[in-house]
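Worksheet for the structure shown next.
Protein chains: 2
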Amino acid sequence: MASDRNTEKRIFEAAKAIFHERGYHGARMQEIARRAGINQSMLHYYFRSKEGLFEAVFRATAGEVLTPVFEVLSADLPLSEKLDRFVEIYIDQVSANPYAPGFLLEELSHHPDHLRRFAGDRGKVVFEKLAGEVREAVVRGELRPISPEDLFANLVALCLFPFIARPILQTVTGLDDDAYRSFLRRRKREVRRFIHHALKP
Amino acid sequence: MASDRNTEKRIFEAAKAIFHERGYHGARMQEIARRAGINQSMLHYYFRSKEGLFEAVFRATAGEVLTPVFEVLSADLPLSEKLDRFVEIYIDQVSANPYAPGFLLEELSHHPDHLRRFAGDRGKVVFEKLAGEVREAVVRGELRPISPEDLFANLVALCLFPFIARPILQTVTGLDDDAYRSFLRRRKREVRRFIHHALKP
DNA sequence: GTCTATAAGCAGATAGAC
DNA sequence: GTCTATCTGCTTATAGAC
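Chain order of the listed sequences is A and B. So the mapping is simple: this note's numbering equals the position in the first sequence, first residue as 1, plus 512. So the mapping is simple: this note's numbering equals the position in the second sequence, first residue as 1, plus 512.
If you want it as structure tokens, here you go:
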């Protein structure tokens, strides 16, 4: 039929939403079908099995989240600009897909090497470039002594944590939904400021 | 029988391990029973249902993770010492239970107000104390301008993230298991250093 | 308290008509 | 390509003997 690609796309988008919200084991094929507005057997027609559907969603999500990271980190920019752009792009990216980081983290905590199976060594290569730049900047005295691993962990932690820990942070701080959204919008500036202060020699 | 409390305890510990590893939907009652070395119907004898067992594990885990936070934050200490002790105690606590933060975050992302149902306003009260101290320190010029919410988010993010994102950080940085363990051991010092640099006026 | 056996329900997957 | 109907296996939960 004419709805060929259309149906497949609708199924995929529905699956993405449900898997992101409920995780692999919490998701129900029937709920995905209902959300896509079609019959349950269509899911199997297009994606063979629940695992096949999940795999498609996982790959797409991992790509969306990691691609901008890899691009920024391998760009040819002075280190401090690179860190700024990382914060800028990454927080934008995650704001548009607030469930994605939690979804990936959850899946990877249960299947730690699911990522390596298709990201391969791409991450490692990009990271080595950054690591070299960090070490040089430290030697030149432009950066206080810090390991590349710590720097990278700090950077990503500050960007992602307010998204993945939203429920607990909202409970503790007492911010309501509106206030929390505005808190998230302000984060970009705060994270940049925090990082630059923390890295001054 | 004499094994009264003993059996209950064994079941609870097994359930804790399995729920932490697999989450609510991924956990199987049979696997919990096998791990506890008893029959599956015993689980229901002691804890009525899967949900009852999960609830017990969730409450205990939330208590373990949050109690030290609340204690440190409500202690009567100068702010900068308080932050140091927070890092110290929190990273120790999480090192002993590396699955706990991921487990709580996952559950809370699927059921955002599960926490409020028994932590109530305790978190908010403790946070307000900290918030007051932060605002005062900023006014006195001991701290660069920063909102209490950002400070708290940054603090917890830096402590927890290397634990919950271990698989992805290990893939990207290329650290093997031994190297990553040693990285985690070094974190306490790095986080303290990072925070003090970042908060200097 | 602890076991074995089994009921009851549900989820993923397939068959086959249109 | 899309639907309805149905199968199969697994999972939680209970009944009932010891």
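Quick reminder that beta carbons are idealized off the backbone N, C-alpha and C, glycines included.
Around the CB of HIS532 (chain A), 16 or more other CB atoms lie within 10 Å, so the residue is classed as buried.
In the assembly as shown, GLY535 (chain B) is a buried residue. Its beta-carbon has 16 or more other beta-carbons within 10 Å. Contact note: ALA665 (chain B) reaches chain A through PHE673, PRO674 and LEU681, using a C-beta cutoff of 7 Å and chain order. Closer than 8 Å to the CB of HIS556 (chain B) there is not a single CB belonging to chain A. For GLU661 (chain B), the closest Cβ of chain A is nearer than 8 Å.
Taking the C-beta atoms as reference points, MET554 (chain A) is found no nearer than 8 Å to ALA568 (chain A). A Cβ-Cβ separation of about 6 Å places VAL646 (chain B) in contact with LEU663 (chain B) under the 8 Å criterion. Scanning A:ARG571, A:ALA612 and A:VAL581 for the CA closest to the CA of VAL684 (chain B) turns up A:VAL581. One thing to note: PRO613 (chain A) has its Cβ within 8 Å of the Cβ of VAL577 (chain A). Close to PRO624 (chain B), with beta-carbon spacing below 7 Å, are these residues of chain A in chain order: PRO679. In this chain, the alpha helix (DSSP H) harbouring PRO660 (chain A) covers 660-676. Membership of ASP689 (chain B) in the alpha helix (DSSP H) is indicated by the continuous run 689-711. LEU627 (chain B) and ALA574 (chain B) have their C-alpha atoms spaced approximately 8 Å apart. Contact annotation: the stretch 596-604 of chain A does not touch the stretch 554-563 of chain A, with fewer than three C-beta pairs closer than 8 Å. In chain B, no part has a C-beta under 9 Å from the C-beta of PHE630 (chain A); the shortest such distance is about 11 Å.
Below the 8 Å Cβ cutoff, chain B contributes no neighbours of GLU583 (chain A), its closest Cβ being approximately 14 Å away.
With contacts defined by Cβ atoms closer than 8 Å, ALA526 (chain B) and ALA548 (chain B) form a contacting pair. One Cα belongs to PHE673 (chain A), the other to LYS521 (chain A), and the distance between them is close to 31 Å. Distance check between PHE566 (chain B) and each of B:GLY653, B:ALA539 and B:PHE675 places B:ALA539 closest, using alpha-carbon atoms only. In this structure, VAL668 (chain A) keeps its C-beta atom at 8 Å or more from the C-beta atom of ILE658 (chain A).
For the options B:MET541, B:ALA665 and B:GLY635, the alpha carbon positioned closest to that of LYS562 (chain B) is the one of B:MET541. For ILE544 (chain B), the enclosing alpha helix (DSSP H) has its first and last residue at 541-548. Setting aside the 5 residues that flank it on each side, LYS641 (chain A) is surrounded in the same chain by LEU585 and SER586, each with a C-beta closer than 8 Å to its C-beta; the list follows chain order. One thing to note: GLU661 (chain B) has its Cβ within 8 Å of the Cβ of LEU687 (chain A). In this structure, DSSP gives ARG652 (chain A) a state outside helix and strand, which the three-state scheme calls coil. Listed along chain A are HIS537 and HIS622, each with a C-beta nearer than 9 Å to that of ARG534 (chain B).
About 5 Å separates the CB atoms of GLU618 (chain B) and GLU618 (chain A); that is less than 8 Å, so the two are in contact. Using a 10 angstroms sphere on the CB of GLU593 (chain A), the tally of other CB atoms stays under 16, which defines it as exposed.
Between the alpha carbons of PHE570 (chain A) and ALA691 (chain B) lies a distance of about 28 Å. Burial state of ARG560 (chain B) is exposed, judged by a 10 Å Cβ sphere holding fewer than 16 other Cβ atoms.
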